[in-house]
Every structure is written in structure tokens, then in C-alpha cells.
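So the protein sequences, as listed, match chains A and B.
Quick note on numbering: the first sequence equals residues 1 to 425 in our numbering.
Quick note on numbering: the second sequence equals residues 1 to 425 in our numbering.
Glycine included, each C-beta is placed from N, C-alpha and C at the ideal position.
All of these numbers come straight from a predicted model, not from anything done at the bench.
Taking it in order: structure first as C-alpha cells, then the write-up.
Number of protein chains: 2
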Amino acid sequence: MKFGIIIKKYMEDEDMLKLKGNLLYGQSGGPTSVINASAYGVISEALKHHQYIDEVICMRHGIKGALNEDFIFMSKQDQEQIELLKHTPGSAFGSVRHKLKDFKEDDTDYIRLLYIFKKYNIRYFLYNGGNDSMDTCAKIADYMNQIDYDCYIIGVPKTIDNDLPLTDHTPGYGSAAKFIANTMMEISYDMLAYPKGKVTVVEIMGRHAGWLTAAAELANISGFGPDLIYLPEVPFNIEQFKEDVKKVYKAKMQCLIAVSEGIMNEEGIFISSSSGLKDAFGHFQLGGVSSKLASTIATDLGIPSRSVEFGSTQRAASHIQSLTDVNEAIEVGRFAVRSLLEGKTDLMVTIQRISSSPYEVEYTLQPLMACANVEKTIPLEMINSTLNGVNEKFIEYALPLIQGENQPKYKDGLQQFTKFKFQEY
Amino acid sequence: MKFGIIIKKYMEDEDMLKLKGNLLYGQSGGPTSVINASAYGVISEALKHHQYIDEVICMRHGIKGALNEDFIFMSKQDQEQIELLKHTPGSAFGSVRHKLKDFKEDDTDYIRLLYIFKKYNIRYFLYNGGNDSMDTCAKIADYMNQIDYDCYIIGVPKTIDNDLPLTDHTPGYGSAAKFIANTMMEISYDMLAYPKGKVTVVEIMGRHAGWLTAAAELANISGFGPDLIYLPEVPFNIEQFKEDVKKVYKAKMQCLIAVSEGIMNEEGIFISSSSGLKDAFGHFQLGGVSSKLASTIATDLGIPSRSVEFGSTQRAASHIQSLTDVNEAIEVGRFAVRSLLEGKTDLMVTIQRISSSPYEVEYTLQPLMACANVEKTIPLEMINSTLNGVNEKFIEYALPLIQGENQPKYKDGLQQFTKFKFQEY
Chain A
1 MKFGIIIKKY MEDEDMLKLK GNLLYGQSGG PTSVINASAY GVISEALKHH QYIDEVICMR
61 HGIKGALNED FIFMSKQDQE QIELLKHTPG SAFGSVRHKL KDFKEDDTDY IRLLYIFKKY
121 NIRYFLYNGG NDSMDTCAKI ADYMNQIDYD CYIIGVPKTI DNDLPLTDHT PGYGSAAKFI
181 ANTMMEISYD MLAYPKGKVT VVEIMGRHAG WLTAAAELAN ISGFGPDLIY LPEVPFNIEQ
241 FKEDVKKVYK AKMQCLIAVS EGIMNEEGIF ISSSSGLKDA FGHFQLGGVS SKLASTIATD
301 LGIPSRSVEF GSTQRAASHI QSLTDVNEAI EVGRFAVRSL LEGKTDLMVT IQRISSSPYE
361 VEYTLQPLMA CANVEKTIPL EMINSTLNGV NEKFIEYALP LIQGENQPKY KDGLQQFTKF
421 KFQEY
Chain B
1 MKFGIIIKKY MEDEDMLKLK GNLLYGQSGG PTSVINASAY GVISEALKHH QYIDEVICMR
61 HGIKGALNED FIFMSKQDQE QIELLKHTPG SAFGSVRHKL KDFKEDDTDY IRLLYIFKKY
121 NIRYFLYNGG NDSMDTCAKI ADYMNQIDYD CYIIGVPKTI DNDLPLTDHT PGYGSAAKFI
181 ANTMMEISYD MLAYPKGKVT VVEIMGRHAG WLTAAAELAN ISGFGPDLIY LPEVPFNIEQ
241 FKEDVKKVYK AKMQCLIAVS EGIMNEEGIF ISSSSGLKDA FGHFQLGGVS SKLASTIATD
301 LGIPSRSVEF GSTQRAASHI QSLTDVNEAI EVGRFAVRSL LEGKTDLMVT IQRISSSPYE
361 VEYTLQPLMA CANVEKTIPL EMINSTLNGV NEKFIEYALP LIQGENQPKY KDGLQQFTKF
421 KFQEY
């Protein structure tokens, strides 16, 4: 049941290759504000194809839900709750960080999965996640091929980190970037209130790839944004950092800095772990990199400074989603279902950019194995010559991704999020 | 030129009491996301009354702008930029923290102000701020009365802290509360992704009054909100706190906490300053209360925990303003101008609630001196019996204030903020 064989079958008889059964869908890895929009795309598309797909079954907490038979059945849910997925952050079905072992070494989980797949007649499998999740997805596909269980398997990409390879960008990134750019604008404008300000160090997610931190630069298009940006792609030099800050502060009497949580020094040691902060009891402090840098500025340069950490807000800010991102997240889900029904398998959905202006993309498929466990970082050609910011090439790349606003569904001034009934089949 | 006299004049001849000259407006204290909406109300209303008000002059950086003749002249600005004030956070004219001395002890600033008032024919003066700003406003009014310079003076309230007395609430609070409630929902939903989670401690502004922290409770109306809330109105007991956290974590395997930056122990010492965190170089760490509590939970209870600080985002989040708050902020500015033109002086605009359901308010005036330097805290009747949350009375009070959404003005996915021309008269 390799991809090549499927295509061959497809050439012979379109209907022959279509299986009849249930579709199993799961979410995995860190939540994004639009992973549920992809779930919406999957569910709404799959429920259209009754002749092949009887039921859309969602695993709770990713692959663990499959192993534990912890399922939510979509035909039993209110349509209103399914619609709300387009506006719901987090992971409506629950997520998991569970690495499947190589089945050649330990097939316990796989035997259990096969039993569950047969019990529930799972013939279509979609797994929505990032690098690690594509690894899980690829392993399951590999196993099912090996034991010749007929099932089509496709990965649906998501990650705010934007670090998946072979795709122009990843659903989840645009909305997080929009939150970051707009919040940086607000912090910048807020700082202008006083003629003599502070140094503000804003810490942004992204352990190995600086895409999110770089999105802070988009704020400068409006005239209110960061002065300095430090990415994990560039080795961090504390002396150069202090020089940069002094120069900006001298000119402006304030300085706004965006820094990735994942910056490392020349020796590859995370800055967040390189200084030994202890509390009064002698315990090591779990300190963020921004508070460490703010402390350094205050201590070594004598300039008042403070740190801001966006924390989980940046991946959960459903109240400021990019409409482009939401629509693409939905489309990625829909395209995955249509691809399954065309007999495609062992692949991940990818987004290919046709043009930036006007912005246009198309959806394609790439081998799962090529997408798993690979991290795409910012190319050096997008980083400025002083290594403390990004250039026009990055702007051209990222700006289209934050366009449009997905209006939240408010009731009494509060957003409405999906609440599913967790019931038996 | 006391208030009583003005009213007498008003009774005799409406036009007699109207002065002809310029209106001087300034912003002071911490920014809010709607102080510029009040500025919009002031400017748009004042520019309607050409027969009395020639020009609206805005001080840059509050009273310091008046002392330095650092002014922005509104008739010279593009109407589009004035309209954008309704969507611009921070302090578009700049703020200041400058306490005027008692003029009986040192009248240097006052003599300078009088010179400026005469030079620019200032006959109407509006100062937009919180407790301290009302003190400034009252002192200027007092001085101008003393030396018998004809000028009407009114304070325009603003503060996210909601701690001004004699007003039901304060413009700026509703929008900050809306951001806090919705962001707490998002953090809460994000936490549900994993079956076994962390303790998340969210630190919220409010040094002496817990109104903002209490707003986190509104998130629970949606079903996704904090488990525990700690306010500065209640003495903080670390042992009781640990018991509360243990209990919630045992039941739910996660716990979301909202804590005011201003919580104090039984002896009145700020928790944020009561533990002596030092870095590796022996310097004291400027630590937030949330990181200290998260550290305590990890160390003493052995439960994984993390801290989140909303920082200036909570007062600057123009992308999620309460429409009720924005409209009231505008109306407070308009009402202030109309009151000046009725010869009212030495007063602050206040909002009186007529009913919560349906929500209805009216605008009134209270003596400036009664509003200056007084802080209104949460009454105990709004706090729950276990002292770790707020009750229905608070919900009834706060929920109407976050209703409606003020749609930001986006261009290319980024908000548009006011940019004034800083030009000569």
C-alpha cells in the first residue's frame, strides 16, 4: 500500500481505491490559536463524504486517546460547537507529547493501535501537529503498510514556530505573528508616554527558530516597533548586545527589544540557562532570558529596564487571529481529507507560495518522512547585516501571513469556545 | 470664582459666565487603552464651540508640557489622526509623573503656569488622569482662584486601576478588564490541552486595589477561568495559599491563579519585596510576585509551575477594547467640555450607575479635592468567604463594563495609531 501503488490503482479505477470506514483525527504538540480551525476543515469536509466516511472520530490527547479508546464522535456533536472551532484556541481535543518507539524494537503500542483501528474500522487517519507529530504519523503509516492494513494516512501541519520544512509556512504562525506585531506596537506606543523611558526586553517563543521573534519587526511598518531583535539563528554576544542597547538608549532615551527564548552564545549554550540565578534558599531559579537580560542592563549599564514574557498568550490569542491564517488552517484540513479520498497516503499537506504580491498559495503534499524531525530556521539572507534584526526579505515573506481579521464570537463581552460532549459511541 | 458663585452667575445670565479663549488639555499618570478616546471626546466637542473656544491646545507630557510651552494645536491636525485617537492606546500627547508643590510653599511652577495661561489665553483647562493628576488639577484650580485669573478647570478621570472615588468606575478599567478576562480564558483553554498540567500564576496590575485582578473572574462565566484569585484587599498568607493550590491541583491536575502585583502579608509588606532573590553576582533581583509564587509552588509543593506577567500589555491592548468603555471615555471628555461651558469648575467628571441590568449610567461632577489622592478598593462584600476570589456582586458590577467590541482600524494587518504633527502655533 505504498504511495506508488495507490497512484497506480487510481489510474485504473477511481472507486476501487476508496475505502469505506471511519476517519480518525488527532492533535499533538503545542497548541496554536488555529489548530482547531484545521480540525474544523477536516470535520466539515469529511462529513460531506458519507459514501466513504461513516464517522469522524477525534482522539482525546492525540495518539494516547487512540491507545486508550478516548474518543469524541463528531456526528454526535452540535453543529454550533463544530463551527466554534474556527474561533477556539488551544487544543479542543487535547494534545500530547508522546514519542512512539520504533515498531521494530517495541511494537506494543502498534499492536494496540491496530486492534483499535480494526475495532473502529479506521480507514482514514489524520494527525495534526509539528515535527514530532509528523514522526508519530510517519511511524504509524510505516507500520500499517508493513502489516498491510488498508488505511490512508496524512499529516496536517501546525506550529506557531513555523519550523516545518518543505512548506512555505505553517498554519498557526500567521496568527501568533499578528499578535506579536500588534502587541509590540502597543508596548512601543505605551513607552512613548514618557520622554525618558526604560529598556523593555520582550521574550518571544521559538527555541531553535526565530520566526516568531522576527515577526516583531512587522510592528515597525506602522512606525512603532522594536529597536533590536535577537534570534536563535545568530550566536548571542552579550558585549555586542550591551553596545547595541547603549547606542539606542543614548539616541532615544528608551529601547524596545525582542528576544527569542532560544538565543545561545557562541558555544551553543542557551542564555536562559547560562547564568546561575538562585533564590534566598539556594534553589536555582527558572528564569526567562528576558529577565536575565533586563537584569544585566540594569546592573551593568545602569539603565532602568524591565522584561515582558508573552508566554502562552502568543499561541492562544484567539481574539486577534489572522484571517489568512485561519482560512489556510481550514483549507489545509479540507485538502487533507480530499487527498485521503484520492488514495494519497504517507504524506503531509504543505503550502506553496505562488506569489507574495498579490499573495497566492497552493496546497501540495510531501512525504511524511521528509517532514518529520527537521527544523527550518530563518535563512541568513533575511537577517540584517548588524545581526540584530531582519530585513525587507523577511517583511515580504511574513507580512502577507498576518492579513485580515478573524472576528471572534463574543457573548457578554467574552469569547465563545467549543465545548464538546464527551460521550460514548 | 468658586463653584457656588459660578452657579449663581449661571442663574442670572447664561452668556455672561462664558469666557472666550483657548482650551488646554493634558494627560497624566499611567496610560490606559482609552485615555485617547477621552481626548477625542474633548477635542471633537470643544472644536464645535468656536464662539467660546478658539483652539484646543494639548500639552505634551502633561503639566510639564505647559511649563515648557510644548504644545500641539488641534486645529492644525488632520481630522483622520484625531479620529484615530479612538483606537490608539498609550498616551498620544505624552504623560508625566510630576507632583506640583503647594503654591503657598513654592509658587515657581504656578507663576510660570499663569504666564503661559495668559500668553495663550487659556480659559478652559482639562486634566485627564488618576488620583495624582486630580491633585495637580485641584492645585492649579486653587491657585487660579487665589490670584483671580478667570479660568474654568475640570478633571477628566482615567485609570485602569479603577481606584478613583466618587465614580462608579473609571474609563480605562473596562478595556483592561476585557483583555484580562479574555486572555485568562485563552490561557485556561490552552492549559486544558494536556491532562496533567502545571500551576500557572498570572500577575495582574493594581498596587493597592484589586479591581483588575478580580476581572480575571469574569472568564469563569465562559467556563474557562482562574481557580484562585488573590487581591491586595486581603492579607496574603503563604501557608493558606499553598493549601489552596494543593487542593485545586489534587482535584484537577492543574491550577490557574490570578494574583495582584500588590498583595501584602499580614504585616503590610509586599510579597514582591519580601523574599530576597539574588543573582549569581549577589545583586537583588527585581522579581515579580508571580515568579516568586511559582518558584514557591515548584520548590515547596513539588508541582511544576510557571508565571505569566501581563505587564504593560494589559493597559495598552487597543486591539481588544470594550466598546462600552471607549464610548464612556469619549462621553466623559465631551461632558467635561460642556460642563466647562456651563461655567462649572474645580470639579471632576464622574460616572454614576443608574442600573446594571439594563446597564445605564449618567455623568455627574464631584469636587476635585474630594477625588484627589483617595484610593477606592474592592469592598469586602464583593470578596468570597474563602478570601481567594470574588462573588456574584463583583460580577454584577464588572460584567457590564466589558460589553461590546471597539473594532480596531487595521491596515495591512497592523493597527493604525494617531501620529500628530508637532508644530508651532
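Chain B has a Cβ within less than 7 Å of the Cβ of V308 (chain A).
Residues A258 and V308 of the same chain have their beta carbon placed closer than 6 Å to that of V202 (chain A), with the five preceding and five following residues left out of the count. V390 (chain B) is not a Cβ neighbour of V42 (chain B), given a cutoff of 7 Å.
Near chain B, meaning a CB-to-CB distance below 7 Å, the residues of the region 188-207 of chain A are Y189, D190, L192, A193, Y194 and P195. Nearest to A317 (chain B) by alpha-carbon distance, out of B:E69, B:N128, B:I160 and B:I122, is B:I160.
One thing to note: M191 (chain B) has its Cβ no nearer than 7 Å to the Cβ of A219 (chain B). Sequence-distant Cβ neighbours of K421 (chain B) in its own chain, meaning closer than 7 Å and more than five residues away, are K76 and Q77. As the crow flies, the alpha-carbon of P235 (chain B) is around 33 Å from that of Q314 (chain A).
The beta-bridge partner set that DSSP reports for G129 (chain A) consists of A:P157. At a cut-off of 7 Å between beta-carbon atoms, A316 (chain A) makes contact with chain B. Between the alpha carbons of N162 (chain B) and H169 (chain B) lies a gap of roughly 6 Å. Taking CB atoms only, S272 (chain B) has no neighbour in chain A less than 7 Å away. Contacts between L399 (chain B) and chain A, judged by CB atoms closer than 8 Å, involve D412 and G413 in chain order.
E360 (chain B) and I229 (chain B) have their C-alpha atoms roughly 29 Å apart. Contact between G130 (chain B) and A66 (chain B) is ruled out by a C-beta separation of about 18 Å, above the 8 Å threshold. A distance below 7 Å separates the beta carbons of F224 (chain B) and S188 (chain B). Within chain A, T183, E186, I187, D190, V308, F310 and T313 have C-beta atoms less than 9 Å from the C-beta of T313 (chain B), given in sequence order.
Closer than 7 Å to the CB of H319 (chain A) there is at least one CB belonging to chain B.
With respect to chain B, the C-beta atom of H87 (chain A) has no partner C-beta closer than 7 Å. Collapsing the DSSP output to three states places D102 (chain B) in coil. Per the C-alpha coordinates, the member of B:D346, B:A176, B:L414 and B:C371 positioned closest to I154 (chain B) is B:D346. The residues H169, Y173, G174, A177, S322, T324 and D325, in chain order, have a CB closer than 7 Å to that of L401 (chain B) in the same chain once the five nearest residues on each side in sequence are set aside.
Of all residues in the region 41-65 of chain A, only R60, H61 and K64 place a beta-carbon less than 9 Å from a beta-carbon of chain B. Between E55 (chain A) and Y152 (chain A), the alpha-carbon positions lie close to 15 Å from each other.
Listed along chain A, the residues sitting closer than 8 Å to F224 (chain B) by beta-carbon distance are F417. DSSP, read as helix, strand or coil, puts D168 (chain A) in coil. Neighbourhood of E405 (chain A) in chain B, by CB distance below 7 Å: Y410, in chain order. Look at G210 (chain A) here: in three-state DSSP terms it is coil, with no helix or strand label. Taking the beta carbon of L218 (chain B) as reference, the chain A residues within 8 Å of it are G413 and L414, listed in sequence order. As computed with DSSP, T350 (chain A) is found in a beta bridge with A:T364. In terms of beta-carbon proximity, S75 (chain B) stays away from the interface with chain A, with every pair separated by 7 Å or more. Exclusion of the five residues before and after L85 (chain B) leaves N36, A37, A39, Y40, I43, A92 and T418 as the residues of its chain whose Cβ lies within less than 8 Å of its Cβ.
Residue range I53 to M59 is occupied by the beta strand (DSSP E) that includes E55 (chain B).
With respect to the C-alpha of P89 (chain A), the residue from A:A298, A:A372 and A:G30 having the closest C-alpha is A:G30. For Q240 (chain B), the uninterrupted alpha helix (DSSP H) run begins and ends at I238 to K252, by DSSP. The three-state secondary structure of T313 (chain A), taken from DSSP, is helix.
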